[in-house]
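What follows is one structure encoded as structure tokens, with my remarks underneath.
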Amino acid sequence: MSSDRLRLMAVHAHPDDESSKGAATTARYAAEGVEVLVVTCTGGERGDVLNPGYGPAPEGLEAMRAVRRQEMAAAAAALGVRQQWLGFVDSGLPEGDPLPPVPDGSFSLVPLEEASAPLVEVVREFRPHVMTTYDPSGGYPHPDHIMCHRVSVEAFAAAGDPERYRGRGEPWTPLKLYYNHGFSLVRMRAVHDALVAAGVESPFSDWIDSRQAREVPERPVTTRVECADFFAARDAALRAHATQIDPDGWFFAVPREVELATWRTEDFELAQSRVPSTLPEDDLFAGIRGTEHAR
Ligand SMILES: [Zn+2]
Numbered sequence: 001m002s003s004d005r006l007r008l009m010a011v012h013a014h015p016d017d018e019s020s021k022g023a024a025t026t027a028r029y030a031a032e033g034v035e036v037l038v039v040t041c042t043g044g045e046r047g048d049v050l051n052p053g054y055g056p057a058p059e060g061l062e063a064m065r066a067v068r069r070q071e072m073a074a075a076a077a078a079l080g081v082r083q084q085w086l087g088f089v090d091s092g093l094p095e096g097d098p099l100p101p102v103p104d105g106s107f108s109l110v111p112l113e114e115a116s117a118p119l120v121e122v123v124r125e126f127r128p129h130v131m132t133t134y135d136p137s138g139g140y141p142h143p144d145h146i147m148c149h150r151v152s153v154e155a156f157a158a159a160g161d162p163e164r165y166r167g168r169g170e171p172w173t174p175l176k177l178y179y180n181h182g183f184s185l186v187r188m189r190a191v192h193d194a195l196v197a198a199g200v201e202s203p204f205s206d207w208i209d210s211r212q213a214r215e216v217p218e219r220p221v222t223t224r225v226e227c228a229d230f231f232a233a234r235d236a237a238l239r240a241h242a243t244q245i246d247p248d249g250w251f252f253a254v255p256r257e258v259e260l261a262t263w264r265t266e267d268f269e270l271a272q273s274r275v276p277s278t279l280p281e282d283d284l285f286a287g288i289r290g291t292e293h294a295r
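Residue numbers (full-length UniProt numbering): 1 to 295.
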């Protein structure tokens with residue numbers, strides 16, 4: 001592993017999450033020469049086919065896993081990043097009232113230390129300066145997203161401690177941990193308003209209503225990364241997840257010129273930092289870049 005480049009690790013629950021949360025940011029940093037590694041906790045085996053144009057759904061967990069591996073490889077290529085699997089099994093999104101139990105053996109049921117060990121190992125091998133993950137709510141009520149948050153926080157805390165996770169590699173201390181906030185209410189409202197003003201039908205009013213109804217507290221955005229030049233790469237990565245992403249769906253409902261005029265950044269919350277940095281930031285590597293920490 002090269003020791004003189006900045007390194008960014010984006011931890012995600014399922015294949016496709018890296019393309020819908022912070023994708024353009026990873027593409028931008030990769031294009032600038034930062035080493036970027038997407039880590040995907042689960043194989044996405046229990047994802048439904050959400051694209052009506054896809055055709056017959058792959059049958060069974062194995063078949064879905066195989067398809068999603070191919071999709072993930074194409075998405076990583078579109079973003080210009082490397083990607084690694086942790087190998088856990090998708091919990092599926094429980095739906096219904098009451099919610100059904102999560103299937104045995106799923107990622108979200110694995111005890112924290114056992115679930116975190118493979119991530120600690122990847123952190124110690126890749127040695128990221130910066131990690132990104134989801135906030136404690138998961139950002140989206142999927143048990144794997146909440147679990148992704150938990151293992152990321154655990155790995156950020158423990159990877160540098162030689163007493164923890166022995167036999168899982170040489171300790172490495174990542175310096176900053178961020179939460180993705182691309183779906184903040186403030187951004188979604190701004191995009192919605194811009195669509196209405198442009199006379200384009202907005203698909204986001206139900207989304208905004210349900211977000212408000214769930215009373216998810218808005219988290220602070222500390223860091224906005226300009227990445228508009230990489231929105232096309234983000235869109236290509238999204239389309240690579242053909243089982244999951246409807247090319248005529250709401251991910252593509254915002255005309256590019258409206259998006260460019262409205263919101264040119266992806267947004268993050270600096271959750272933990274071991275280096276001093278001044279908020280607000282416009283760079284995930286603020287306080288690291290050009291310092292003795294960039295090793
Ligand atoms: Zn997901």
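Glycine included, every Cβ here is placed at the ideal spot set by N, Cα and C.
- Considered as a whole, the stretch 184-266 harbours 185-197, 205-213, 231-240 and 256-262 as its complete alpha helix (DSSP H) runs of no fewer than 4 residues, in chain order.
- Excluding residues up to 5 positions away in sequence, Arg224, Val225, Glu226 and Cys227 lie with their Cβ nearer than 7 Å to the Cβ of Thr265 in the same chain.
- Boundaries cannot be given for Arg166, as no alpha helix (DSSP H) includes it and DSSP labels it neither H nor E.
- Cβ-Cβ distances below 7 Å link Arg164 to Ala158 in the same chain, with the five nearest sequence neighbours on each side left out; the list follows chain order.
- The set of residues with a C-beta under 5 Å from any non-hydrogen atom of ligand 1 comprises Ala13, His14 and Asp17, given in chain order.
- Inside the stretch 76-143, DSSP marks whole beta strand (DSSP E) runs of 3 or more residues at positions 82-88 and 130-133, from first to last along the chain.
- According to the DSSP secondary-structure assignment, Lys176 is paired through a beta bridge with Val130 and Ser273.
- Counting along the chain, Ala27 sits inside the alpha helix (DSSP H) bounded by residues Ala23 to Ala31.
- The closest CA to that of Tyr29, considering only Thr42, Asp90 and Val81, is found on Val81.
- Around Trp85, the same chain offers Thr40 as residues with beta carbons nearer than 6 Å, after the five sequence neighbours per side are excluded.
- In the DSSP secondary-structure assignment, Val39 is bridged to Val11 and Gln84.
- Residue pairing from DSSP places Phe268 in a beta bridge opposite Asn180 and Thr223.
- In this structure the stretch 97-108 does not touch the stretch 64-82; the number of beta carbon pairs closer than 8 Å is below three.
- Around the beta carbon of Val89, a 10 Å sphere encloses 16 or more other beta carbons of the protein chains shown; the residue is thus reported as buried.
- Assignment of Glu154 by DSSP, reduced to helix, strand and coil, places it in the helix class.
- Looking at Pro174, Leu195 and Glu95, the one whose alpha-carbon comes closest to that of Pro141 is Glu95.
- Of the residues assessed, Thr133 falls on the buried side of the cut-off, its CB having 16 or more other CB atoms within 10 angstroms.
- Your pair Pro58 and Ser108 does not check out as a contact, with CB atoms roughly 22 Å apart and the cut at 8 Å.
- Under the 8 Å Cβ criterion, the stretch 233-247 counts as touching the stretch 16-36, having at least three qualifying pairs.
- The shortest C-alpha to C-alpha distance from Ala75 to any of Asp283, Ile245 and Val191 is the one to Ile245.
- DSSP places Glu18 inside the alpha helix (DSSP H), whose first and last residues are Asp17 to Ser20.
- Put simply, of Leu195, Met188, Gly105 and Glu62 the residue whose alpha carbon is nearest the alpha carbon of Trp207 is Met188.
- Its chain contains Met188 and His192 as the residues whose beta carbon lies nearer than 6 Å to that of Phe204, once the 5 sequence neighbours on both sides are disregarded; these appear in chain order.
- In this structure, the CA atom of Arg295 is about 48 Å from the CA atom of Gly55.
- Ranked by Cα distance from Gly182, the first of Ala63, Glu218, Leu175 and Thr291 is Glu218.
- DSSP lists no bridge partner for Glu292.
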